[in-house]
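Residue numbers (this note's numbering): 23 to 696. By construction, the Cβ of each residue, glycine as well, lies at the ideal position given by its N, Cα and C atoms. Please read these numbers as outputs of a predicted model, since none were measured by experiment. Beneath this line is the structure, given in structure tokens, with notes to follow.
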Amino acid sequence: MSAVMKVPDRIRTSARLAAFVACVAAVGGLTACAYRSAESGMGAAPADPSPIPVGLRANPPTPDPRVGLAPGLFDAGEAAWNLRLVSATPPTEPFVGKTNSDLAFTGPYAIQGNYDGIQIWDISDPANPVSVVTYVCPASQSDVSVYEHLLFVSGEGFGGRLDCGEQGVQEEVSHDRLRGIRIFDISDITAPEYVANVQTCRGSHTHTVLEHPGDDENVYIYVSGSAPVRPAEELSGCSGAPPSEDPNSALFRIEVIRVPLADPASAAVVSSPRIFEDLVAPPQHGPAPEDRAQMDDARAQGAMVVEVMGQQMALPPQFVSVMLDSMVVLRGGEGPPMAQDTAALHEFVNNMIAEQMGGIDPNAGPTQCHDITVYPAIGLAGGACGGYGLLIDISDPENPRRVAAVADSNFSYWHSATFNNDGSAILFTDEWGGGGSPKCRATDPMEWGANAIFTIEGTEMDFQSYFKIPAPQTPEENCVAHNGSLIPIPGRDIMIQGWYQGGISLIDWTDPANPVEVAYFDRGPVNPDRMQMGGSWSVYWYNGVIVNSEIARGLDIFELTPSEVMTQNEIDAANSVQLTHLNSQGQPIFEWPATFALAHAYLDQLERHRGLSAARIGSIRDELAGAGEMTGSSRSGALRSLADAVSRDAAGSGDAAKVRMLADAVRALADAGM
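If you want it as structure tokens, here you go:
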């Protein structure tokens, strides 16, 4: 059966199947176990790191209480360690049973994306979030970002409409379809005004807002679209041909949108950088033992199994049954489908998959990024781009340039990136299974569906370690590494991260070679009998609280609790950092105001890791307490004297860098007159 054969209307579920294929193309592939630096060619697996002194010890509860939690939607069993659940708020009525997605923050508000639109919550009282806006506007997956009075929302689904209509779009080519970025004016956040959209050839699966230093007139949006290229009849200039055939191809590129702040309605694509140029297909790993067994069982039960980018998958029965009926009609037959119809459909699907892949050389690298995290303070971005992790120079915002790339056969789908605060390391996540599969089972390798941490030396990324939540999850729970953000604990690199139905996990990766889990929260499966989507899509720290977008259950808010791995002083110092807004893909640099909590936080860390003697730590605590009781010039003088003495302590310390941080914090207190 030819791919160009005319197909009846009923088989035009192919648009939906194409979207399904694009989604599952994220799932892992072939067997290998090598690490590779793309810029320097294939290399051996990294050597084990040299022995280092014993680092952080967390002492989690045993047995792990996350194992065996009772199932339920809003009444599932819960387990928490070093985190306190402050509130759990169910979705507003229009979004019950719909998929919640990503989060952004502005002022006292949390903006939560949903496949059917957006919800805005007032979280000024974390114990009682208040719904401010429920805005129905379908177009998966509605990733959200903010800047000043503007809200940006991603749209990639084939049913999204320019007018936000709920009736969807049925036609294969339609000028009513929205695939790109919606722009809202939220000057009055209780009444968002839809002011513009920017259409792109592959839609916007995710996007990144870049606030570029020195440019006060514009913000920039980096668009990552992973869906098939739309036809030119729908959006002029779109081409899915390989770049070798069409230099204007929509493949192997991202889109850069410039948004003039004075006139956001004039926002437009200004460049399409090909940051994937010359990358080759990355090494991949094969299916896990349970996945291989499932495909064998599916075949035995008559399911149609196809291959997408090296990954075997069973097509959903709802697609297969409708299309098999169409195959009967196509050959002019009647009655139930026959073996020849199944064979014809299998050929048609394989041809369609090849067409969706655009005839791309199977040895080529990724054609798009999944997510890009910009860190304007250091002029770099981290690109999580399917088969690669990229380091990108963003000094010219309209023309980002790849400077390094790494691939790893233990990684299936590079999904997101987070820098540490000083930009010396970067953590990538692997969304093995595409987010809709259970990939934290007891039999799943700990290096698959995990985080990978790299140090950054100039433009080189050097692999250090993996981290995956240690508690095995059930086959009824979709679980894999997903979105998170840094928490501004001074002197440490600590990240809160969502793992879908694996819950949320707090990770200390100050030592990038030895990440340690220091807190968690988890619930039992949404459904006890089958895999049903739920869990943490994304969880971020914002102005003293930790906010979790729960796919099925709504909005959770947490707070840190003091423990042997995190003191109240460290928590108070973190909470002294106050942001005007937060987009996790536009990473802010954390800077701490001068507070006694900051000085005590560094002192607590020196005590924990024995960076100074117990006697000296006690003496410094006493002097800080004494200075705190003073006022005016007496306080400033006492603090300056203490800062000078602490600076001298660095020479004999086991952690000279941390002692200098303490000295600087005490000196800042003196300068602030506090």
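**Study point:** Distance between beta carbons of leucine 273 and threonine 84, contact taken as under 8 Å
**Key:** About 50 Å separates the two Cβ atoms, so there is no contact after all.
Practice item. Taking leucine 582 as the reference, give the member of Glu572, Ile573, Gln600, Trp563 with the closest Cα. Key: Out of Glu572, Ile573, Gln600, Trp563, Trp563 has the C-alpha closest to the C-alpha of leucine 582.
Review point. Roughly how many whole angstroms lie between the Cα atoms of leucine 184 and phenylalanine 174?
Key: Near 14 Å, if we compare the C-alpha coordinates of phenylalanine 174 and leucine 184.
Practice item. Compare the beta carbon distance of proline 265 and glycine 387 with 8 Å and say whether it is the shorter of the two. Key: No, these two residues do not count as a Cβ contact at 8 Å.
Exercise for review: Count the other C-beta atoms from every protein chain shown that fall within 10 angstroms of the C-beta of threonine 621, then say buried if there are 16 or more, exposed otherwise.
Suggested key: Here the sequence assigns alanine to residue 621, which means threonine is not the residue at that position. Under this definition alanine 621 is a buried residue.
Practice item. Quick one: grab the DSSP three-state call for glutamate 613. Key: Glutamate 613 falls in the coil class under three-state DSSP.
Review point. Given that a residue counts as buried once 16 or more other Cβ atoms are within 10 Å of its Cβ, and exposed if not, what is proline 295?
Key: Proline 295 comes out buried.
Practice item. Could you please give the first and the last residue of the uninterrupted alpha helix (DSSP H) stretch that includes phenylalanine 618? Key: 618-630 is the span of the alpha helix (DSSP H), which, as asked, contains phenylalanine 618.
Check your understanding: Can you round the beta-carbon distance between asparagine 500 and proline 460 to whole angstroms, since I take them to be within the 8 Å contact cut?
Key -> The Cβ separation is near 6 Å, so the contact holds.
Review point. Who are the Cβ neighbours of isoleucine 142 in its own chain at under 7 Å, not counting the five residues just before and after it?
Key: Excluding residues within five positions, the ones whose Cβ falls inside 7 Å are Tyr131, Ile133, Val154, Val155, Ile211.
**Study point:** Other residues of its chain near asparagine 549: CB distance less than 7 Å, five sequence neighbours each side excluded
**Key:** Pro93, Glu498, listed in sequence order.
Practice item. Quick one: which unbroken alpha helix (DSSP H) runs of 4-plus residues sit fully inside the region 320-401? Chain order, please. Key: DSSP runs (the alpha helix (DSSP H)) wholly in the region 320-401: 339-352, 361-378.
Point to revise | Validate contact between the region 578-598 and the region 649-667 using beta carbons, cut 8 Å, 3 pairs | key: Under the three-pair Cβ rule at 8 Å, the region 578-598 does not count as touching the region 649-667.
**Study point:** Unbroken alpha helix (DSSP H) run spanning valine 425, endpoints
**Key:** First-last for valine 425: 423-430, but that is the beta strand (DSSP E), not the alpha helix (DSSP H).
Check your understanding: Of the choices Tyr244, Asp578, Phe370, Gly357, whose alpha-carbon is the least far from that of arginine 423?
Key -> Measuring from the Cα of arginine 423, the nearest candidate turns out to be Tyr244.
**Study point:** Residue nearest to isoleucine 279 in terms of C-alpha spacing, selected from Arg204, Gln316, Ala336
**Key:** It is Arg204.
**Study point:** Assigned exposure category for leucine 684 - 16 Cβ within 10 Å defines buried
**Key:** Answer is buried; the Cβ neighbour count reaches 16.
Review point. So does proline 584 have its beta carbon nearer than 7 Å to some heavy atom of the ligand ATP?
Key: Summarising the ligand content, the structure contains no ligands, and the ligand ATP is consequently not present.
Review point. Between arginine 514 and threonine 532, is the Cβ-Cβ spacing less than 8 Å?
Key: Yes, the Cβ-Cβ distance between arginine 514 and threonine 532 is below 8 Å.
Review point. Can you tell which of Ala310, Asp393, Leu78 has its C-alpha closest to the C-alpha of proline 467?
Key: Considering only alpha carbons, the answer is Ala310.
Review point. Are the beta-carbon atoms belonging to valine 241 and valine 281 less than 8 Å from one another?
Key: Cβ atoms of valine 241 and valine 281: closer than 8 Å.
Practice item. Indicate whether threonine 481 and alanine 426 have their beta-carbon atoms separated by less than 8 Å. Key: Judged by their CB atoms, threonine 481 and alanine 426 are nearer to each other than the 8 Å cut-off.
**Study point:** Counted within 10 angstroms of its Cβ, other Cβ atoms place alanine 365 as buried (16 or more) or exposed
**Key:** Classification for alanine 365: exposed.
Point to revise | Same chain, Cβ closer than 7 Å to alanine 37, five either side skipped, listed in chain order | key: A caution first: alanine 37 carries a pLDDT of 46, below 50, which makes its placement in the model unreliable, though a value can still be read off. Cβ neighbours of alanine 37 beyond the five flanking positions: Phe180, Glu194.
Practice item. May I ask you to list the residues that DSSP assigns as paired with tryptophan 563? Key: BP columns for tryptophan 563 point to Ile568.
Check your understanding: From alanine 403 to proline 419, what distance separates their C-alpha atoms?
Key -> Going by the C-alpha atoms only, they are around 11 Å apart.
Review point. Touching or not, the region 347-357 and the region 391-406, by the rule of three or more beta carbon pairs under 8 Å?
Key: The region 347-357 vs the region 391-406: no contact.
Review point. What's the call for histidine 197, buried or exposed, on a 16-neighbour Cβ count within 10 Å?
Key: Exposed.
**Study point:** Assigned exposure category for phenylalanine 206 - 16 Cβ within 10 Å defines buried
**Key:** The residue is buried, with at least 16 neighbouring Cβ atoms inside 10 Å.
Review point. By the 10 Å Cβ neighbour count, where 16 or more other Cβ atoms means buried, how is asparagine 605 classified, buried or exposed?
Key: A residue is called buried once 16 or more other Cβ atoms fall within 10 Å of its Cβ, and asparagine 605 is buried on that count.
Exercise for review: Would you please state the rounded distance, in angstroms, between the beta carbons of glutamine 523 and glycine 557? I believe it to be under 8 Å.
Suggested key: That pair is a contact at about 4 Å.
Point to revise | Distance CB(valine 342)-CB(glutamine 334) smaller than 8 Å | key: No, Cβ-Cβ distance for valine 342 and glutamine 334 is not below 8 Å.
Review point. Phenylalanine 117 by DSSP, collapsed to three states: which one?
Key: Note: phenylalanine 117 maps to helix in three-state DSSP.
Practice item. State the beta-bridge partners of asparagine 122 as determined by DSSP. Key: According to the DSSP secondary-structure assignment, asparagine 122 is paired through a beta bridge with Asn136.
**Study point:** Sequence-distant residues of the same chain with beta carbon closer than 7 Å to serine 62, five excluded per side
**Key:** For serine 62, the predicted model reports a pLDDT of 35, less than 50, meaning its position is unreliable and no value from the coordinates is stated.
Point to revise | Three CB pairs or more closer than 8 Å across the region 535-549 and the region 101-116 | key: Because the criterion of three Cβ pairs below 8 Å is met, the region 535-549 and the region 101-116 touch.
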